[in-house]
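Chemist: If you're matching them up, the sequences are chains A and B in order. Sequential numbering of the first sequence, starting at 1, is according to UniProt numbering. Sequential numbering of the second sequence, starting at 1, is according to UniProt numbering. Okay, here's the structure, questions in a sec.
Protein chains: 2
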Amino acid sequence: MSDADALHPAQLGTYFALMEAVSLLQHAVEQQLRAEGDLSYVQFQLLAHLADARQLTMTELADGVVYSRSGLTYQAGLLEKAGLVTRGPSPDDERATLVTITEGGLALVGRVLPGHIEVVRRLLFNPLTDEDLHDLGDIMTRVRDHMRAEPPRSAAPRKPRK
Amino acid sequence: MSDADALHPAQLGTYFALMEAVSLLQHAVEQQLRAEGDLSYVQFQLLAHLADARQLTMTELADGVVYSRSGLTYQAGLLEKAGLVTRGPSPDDERATLVTITEGGLALVGRVLPGHIEVVRRLLFNPLTDEDLHDLGDIMTRVRDHMRAEPPRSAAPRKPRK
DNA sequence: TATTGTTATACTCTATAACTATA
DNA sequence: TATAGTTATAGAGTATAACAATA
Chain A
1 MSDADALHPA
11 QLGTYFALME
21 AVSLLQHAVE
31 QQLRAEGDLS
41 YVQFQLLAHL
51 ADARQLTMTE
61 LADGVVYSRS
71 GLTYQAGLLE
81 KAGLVTRGPS
91 PDDERATLVT
101 ITEGGLALVG
111 RVLPGHIEVV
121 RRLLFNPLTD
131 EDLHDLGDIM
141 TRVRDHMRAE
151 PPRSAAPRKP
161 RK
Chain B
1 MSDADALHPA
11 QLGTYFALME
21 AVSLLQHAVE
31 QQLRAEGDLS
41 YVQFQLLAHL
51 ADARQLTMTE
61 LADGVVYSRS
71 GLTYQAGLLE
81 KAGLVTRGPS
91 PDDERATLVT
101 ITEGGLALVG
111 RVLPGHIEVV
121 RRLLFNPLTD
131 EDLHDLGDIM
141 TRVRDHMRAE
151 PPRSAAPRKP
161 RK
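This is the structure we're talking about:
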């Protein structure tokens with residue numbers, strides 16, 4: 001037995017606290033989005049990206065949202081059915097699909113965002129000082145960029161039977 | 001229009017970085033757990049709690065894992081079917097179900113944990129200094145405790161039509 | 001050939017409500 | 001009455017693989 005599990009207790013505790021806190025936050029945020037906009041978090045993310053860019057290809061939209069292509073097609077289909085986005089061919093690349101946010105989509109984001117922010121403020125930022133906020137932003141930005149750069153490392157070294 | 005959305009840009013950026021980083025981490029961790037132990041993250045969490053306590057009631061097991069009761073019953077059923085836990089009545093309270101981890105369950109946790117920790121170390125802790133680690137642990141512990149204490153605040157203030 | 005996106009399909013997970021049994 | 005847990009069921013989401021079309 002190696003000491004591969006010799007992660008410091010502090011590290012393990014930090015990891016679990018991080019995961020649990022975000023899990024709780026995500027749960028709260030999803031309730032708010034569902035109640036005020038009938039949106040899942042993923043759908044909100046997609047709309048938020050589109051509210052910023054107005055128009056993106058499926059591939060561009062997939063960046064920053066982890067999914068499989070088919071998952072994105074599914075979600076885009078839902079958003080289109082709800083009248084929040086439209087889909088059409090791209091003039092530049094005939095293979096691409098351009099997703100465009102509608103007025104209704106923009107309106108919905110505007111309607112949902114304040115409550116969303118309120119939840120985040122109450123749950124995440126309330127117990128933090130300005131310095132905490134700065135530290136957390138700095139740390140998580142670094143971690144995120146590091147993860148984005150990491151080679152996907154397809155799964156695991158080996159796969160014990162069963 | 002109120003200034004309800006006047007969350008500082010720094011706050012919004014921190015929030016998004018946090019959510020995205022954790023999303024990426026969770027994705028990576030789930031792949032590892034699936035590949036090396038055929039477990040979901042939830043199942044791993046349940047087994048990890050049980051590896052620590054050996055025996056818990058369903059209600060105790062539900063603490064720290066957000067779910068609905070039925071969701072927990074479902075997961076416990078899967079773990080039992082896989083031979084990783086057993087379920088039986090409690091001597092203290094005839095209503096309660098005692099969930100006990102088996103030797104196989106303990107072995108599986110032992111087999112999966114090193115790889116799990118390796119992924120967390122590589123993705124989360126690699127780009128962090130000791131001071132970052134300390135800050136992050138301190139911050140997220142405080143946030144988590146704050147969220148746990150928060151009144152569930154059932155959903156949202158009001159629900160715009162549509 | 002590689003890339004973009006969709007479809008078909010199967011599966012996992014989660015939540016709600018109704019129900020049983022014990023406290 | 002309240003609490004612990006299960007069941008039935010329905011719905012949302014995700015992934016894989018096969019496919020079509022364009023670059």
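Glycine included, every Cβ here is placed at the ideal spot set by N, Cα and C.
#1: Quick one: what does DSSP say B:L39 is sitting in, helix, strand or coil?
#2: For a contact meaning CB atoms closer than 8 Å, what does B:Y101 contact in chain A?
#3: Please state whether DSSP places A:T141 in a helix, a strand or coil.
#4: Rounding to the nearest angstrom, what Cα-Cα distance links B:P127 and B:S23 in this structure?
#5: Can you check DSSP and say which residues form a bridge with residue 222 of chain A?
#6: Could you confirm whether any beta carbon from chain A is found closer than 8 Å to the beta carbon of B:G71?
#7: So, helix, strand or coil for A:T14, using DSSP?
#8: Could you tell me which chain B residues have their CB closer than 9 Å to the CB of A:D92, listed as they occur along the chain?
#9: What do you reckon, are the CB atoms on B:G105 and B:L47 nearer than 8 Å?
#10: From this set, B:L133, B:E150 and B:E36, which residue's C-alpha is nearest A:F16's C-alpha?
#11: From the beta carbon of B:P127, is the nearest beta carbon of chain A less than 8 Å away?
#12: Does any residue of chain A bring its CB to less than 8 Å from the CB of B:M58?
#13: Can you tell me whether A:D135 is buried or exposed? The criterion is at least 16 other CB atoms within 10 Å of its CB, across all chains shown.
#14: Hey, A:R87 and A:V99 are a contact pair by Cβ (cut 8 Å); roughly how many whole angstroms apart?
#15: Going along the chain, which residues of its own chain have a beta-carbon closer than 8 Å to the beta-carbon of B:T73, five neighbours each way excluded?
#16: So which residues of chain A does B:G105 contact, with C-beta pairs closer than 8 Å?
#17: Chain B beta carbons: is any one of them nearer than 8 Å to that of A:A21?
#18: So, is the C-beta of A:T141 closer than 8 Å to a C-beta in chain B?
#19: Of all the CB atoms in chain B, is at least one closer than 8 Å to the CB of A:T14?
#20: Helix, strand or coil for B:T73? Go by DSSP, reduced to three states.
#21: Say whether chain B places a C-beta atom closer than 8 Å to the C-beta of A:E80.
#22: List the residues of chain A whose Cβ lies closer than 9 Å to the Cβ of B:L124, in chain order.
#23: Compare the Cα-Cα distances from B:L50 to each of B:R148, B:A76 and B:M140 and report the closest residue.
#24: Determine the chain A residues that contact B:E150 at a beta-carbon separation under 7 Å, and present them in chain order.
#25: Please list the terminal residues of the continuous alpha helix (DSSP H) segment that includes B:R111.
#26: Cβ of B:G115 within 8 Å of Cβ of B:T102?
Modeler: Per the coordinate set shown:
#1: coil
#2: According to the sequence as given, residue 101 of chain B is Ile; it is not Tyr. Residues of chain A passing the Cβ test: none, with the nearest at roughly 17 Å.
#3: helix
#4: 17 Å
#5: Coverage of chain A is limited to positions 1 through 162, which leaves residue 222 of chain A absent and any answer about it impossible.
#6: no
#7: Of the three classes helix, strand and coil, the one that applies to A:T14 here is helix, per DSSP.
#8: Going along chain B, no residue has its Cβ under 9 Å from A:D92, so there is no contact; the nearest lies around 28 Å.
#9: yes
#10: B:L133
#11: yes
#12: no
#13: buried
#14: 6 Å
#15: Cβ contact annotation for B:T73 (same chain, cutoff 8 Å, sequence separation greater than five): M58, in chain order.
#16: The contacting residues do not exist; B:G105 stays about 13 Å from chain A at best.
#17: yes
#18: yes
#19: yes
#20: helix
#21: no
#22: Q11, T14, Y15, L18, V143, H146 and M147
#23: Closest option to B:L50, Cα to Cα, is B:A76.
#24: L123
#25: E103 to V120
#26: no
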